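Per the working numbering, the sequence shown starts with residue 447, numbered consecutively.
Ideal Cβ positions, reconstructed from N, Cα and C, are used throughout, including at glycine.
All values reported here derive from a predicted model rather than from experimental measurement.
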Amino acid sequence: MSPEKTHNLLVNTPALPNIPWEDRPGRSDTVMWRSAHNPIIPHDLIPSSNSIFNSAVVPYQGKFAGVFRCDNKVRVQQLHVGHSADGIHWQLNNERIHWQAENGKVAEISEFMYSYDPRVLWLEDRYYVTWCNGYHGPTIGMGYTHDFETFTQLENAFLPFNRNGVLFPRKINGQYAMLSRPSDNGHTPFGDIYYSESPDLEYWGRHRFVMGPLFGWQATKIGAGPIPIETSEGWLLIYHGVLTSCNGFTYSFGAALLDLEQPWKVLYRSAPYILAPQMEYERNGDVPNVAFPCAALMDGNSGKLALYYGAADTVVCLAYGYVQEIVNWVKENAIPEKYLNFKG
Ligand code: BMA
447 MSPEKTHNLL VNTPALPNIP WEDRPGRSDT VMWRSAHNPI IPHDLIPSSN
497 SIFNSAVVPY QGKFAGVFRC DNKVRVQQLH VGHSADGIHW QLNNERIHWQ
547 AENGKVAEIS EFMYSYDPRV LWLEDRYYVT WCNGYHGPTI GMGYTHDFET
597 FTQLENAFLP FNRNGVLFPR KINGQYAMLS RPSDNGHTPF GDIYYSESPD
647 LEYWGRHRFV MGPLFGWQAT KIGAGPIPIE TSEGWLLIYH GVLTSCNGFT
697 YSFGAALLDL EQPWKVLYRS APYILAPQME YERNGDVPNV AFPCAALMDG
747 NSGKLALYYG AADTVVCLAY GYVQEIVNWV KENAIPEKYL NFKG
C-alpha cells in the first residue's frame, strides 16, 4: 500500500515537518519498521545512569523535549529531562527531576520513592506528565511543566496499586480522561485497561472496563502505551501486551481502535503484534525480551508516526509507520468480535 494514495486520518494533530523519519526499508513488509539507528539512546548516555528506557517525548519550541526513565546506579527508577534538535540525538540532564509542590499542597505525598514509565502530552495550556509513582507501592503520579525546567506535582490520580496511567489529549464529553492498569505491588501477573474520568484532573471516577488480556502475545496482561491518537476512525491506542513463556515475561505491542466518544468501547483490536522483541537490543539487556512503547510523534500533514519504545529495560529505540496504514492494518487484522471477551 502506498501511503501517498491513502487518506491521512489524523484529527486535531498539527503539522510536524521535522518529525524524525526514515523511509520503510525495501525489504520490510511490516506495518511499522525499526530505525536503522536503534538503539537511539544507549544505557549510559549520562554518567548517573545504569539504563535509559521507557521514555516520552513531545515537540517543543521547534525542537523536541521529553521525560526519560533513567534507572541510576543504585537501581532506583528516576525521571530526567531531555532535549533534542532532531528527535534522535538527545541530551539528558544528569540530575533527576525534582517535583515542586503546588502551593505546598501535595508536599505530604510527594516524598520521592521512585518514578518510572512516564507519558507526556500537551493538554490545553501546558505539558502534563503521568508516571508510575512510588507511594506505598506503584500508583499514577501526575504533574505538569511549562518549560521542562520547573515541574509541579499534582495529587496522585489513583490509589496504589496502578501503572500505565495515560491521559487523553482532550476532554471527552466535558471530562478529562485517562486509561490506567490496576496492578499489584510486584511483577503483576494480570492486568486490564480501564477508563476513568475527571472534572479537574484531581478526582477520578466513572471507571469503565476497556479491555483485558486475551491470548498469544497479549495473554498475561496489557497496558496503554503512548497518548491515544485521535483519528477519524476512532482513538488509535498502541498498547503493550505480555506473554508468559517458560523463561518469563515477553513484552510486545499491538494496537486497538476505541470509540471516539465512548473510548471504553473497543471497535477493533489487532490479533497479531505490531512489534515483538526480535532484535539483539530487544532480546538482551537488564530485562530480556521487552519492547515497551511510551510515546509517539505525529505529523498531521503526512500521517507519519515516530514511536519511542524502551528495549530490554536498557535502551531507547524508535520505530516508524503511517497512521493511516496502522489503522487499516488493525481493521484488517482485528480479532473477531466473538473472541473479544475470551478469558484464556
Ligand atoms: C513492567 C514495568 C516496565 C518494564 C517491564 C519489563 O512491569 O515495570 O517498566 O519495562 O515491567 O520489566
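Nearest-angstrom Cα distance between residue i and residue j?
i	j	result
GLU570	ARG616	8 Å
ASN464	LEU538	20 Å
ASP705	HIS483	35 Å
THR459	CYS692	42 Å
GLU726	GLU548	44 Å
LEU456	ALA531	24 Å
LEU764	TYR754	5 Å
GLY687	ILE668	4 Å
PRO584	TYR768	34 Å
GLU778	GLU468	25 Å
ARG627	ARG470	33 Å
HIS453	GLY472	22 Å
ALA702	ASP593	32 Å
ALA665	PRO674	22 Å
Our contact map puts residue i next to residue j with C-beta atoms below 8 Å; I'd like the distance itself, whole angstroms only.
i	j	result
TRP545	GLY512	Not a contact, Cβ separation roughly 16 Å.
ALA603	TRP568	ALA603 to TRP568, Cβ: 18 Å. No contact.
LEU525	PRO564	6 Å
ALA411	ASN610	Outside the shown range of the chain (447 to 790) lies residue 411, about which nothing can therefore be said.
PHE699	LEU721	6 Å
ARG715	ILE781	5 Å
Sort the options by Cα distance to residue i and report the nearest one.
i	options	result
PHE607	LEU689, TYR685 and GLY637	GLY637
VAL773	GLU679, VAL761 and GLY746	GLU679
GLY508	PRO466, ASP475 and VAL527	PRO466
ASN787	LEU462, GLN523, GLY749 and GLY658	GLY658
VAL736	LEU743, ASP759 and LEU753	ASP759
ALA752	ARG565, MET478, PRO674 and SER644	MET478
ASP646	HIS653, LEU600 and LEU683	LEU600
GLU554	TYR560, TYR581 and GLY620	TYR581
ARG652	ILE684, PRO718, ALA780 and MET624	MET624
VAL729	LEU605, ALA757, PRO709 and PRO718	Reading the sequence as shown, one finds Arg at residue 729 and not Val. Nearest C-alpha to ARG729: ALA757.
GLY620	GLU707, ILE498, GLN724 and ASN496	GLU707
SER497	ARG715, VAL504 and ILE486	ILE486
GLU541	SER556, GLU557 and ASN518	ASN518
PHE655	GLU648, GLN664, ALA742 and SER642	SER642
ILE639	THR591, ILE684 and LEU721	ILE684
GLU648	TRP775, ALA741, ILE586 and TRP663	ILE586
GLY550	ILE534, ILE543, TYR562 and THR598	THR598
LEU491	GLU557, ARG480, PHE514 and PRO505	PHE514
LEU713	SER561, TYR562 and THR677	THR677
TYR697	THR476, PRO734 and ALA741	PRO734
Does ligand 1 have even one heavy atom less than 7 Å from the beta-carbon of residue i?
i	result
GLY756	yes
ASN500	yes
VAL736	yes
ASP638	no
VAL733	yes
HIS633	yes
ASP532	no
ASP759	yes
TYR562	yes
TYR697	yes
Can you tell me whether residue i is buried or exposed? The criterion is at least 16 other CB atoms within 10 Å of its CB, across all chains shown.
i	result
GLY632	exposed
THR690	exposed
VAL520	exposed
SER474	exposed
LEU462	buried
LYS750	buried
THR596	exposed
SER448	Caution applies to SER448, whose pLDDT of 45 falls short of 50 and renders its modelled position unreliable; the value that the coordinates give is listed next. It counts as exposed.
GLN724	exposed
PRO635	exposed
LEU613	buried
HIS535	exposed
MET559	exposed
Check whether the Cβ of residue i lies closer than 7 Å to any heavy atom of ligand 2, and answer yes or no.
i	result
ASP475	As for ligand 2, it is missing from this structure, which binds only ligand 1.
Kindly indicate if chain D contains any beta-carbon less than 8 Å away from that of residue i.
i	result
GLY637	No chain D appears in this structure, which consists of one protein chain only.
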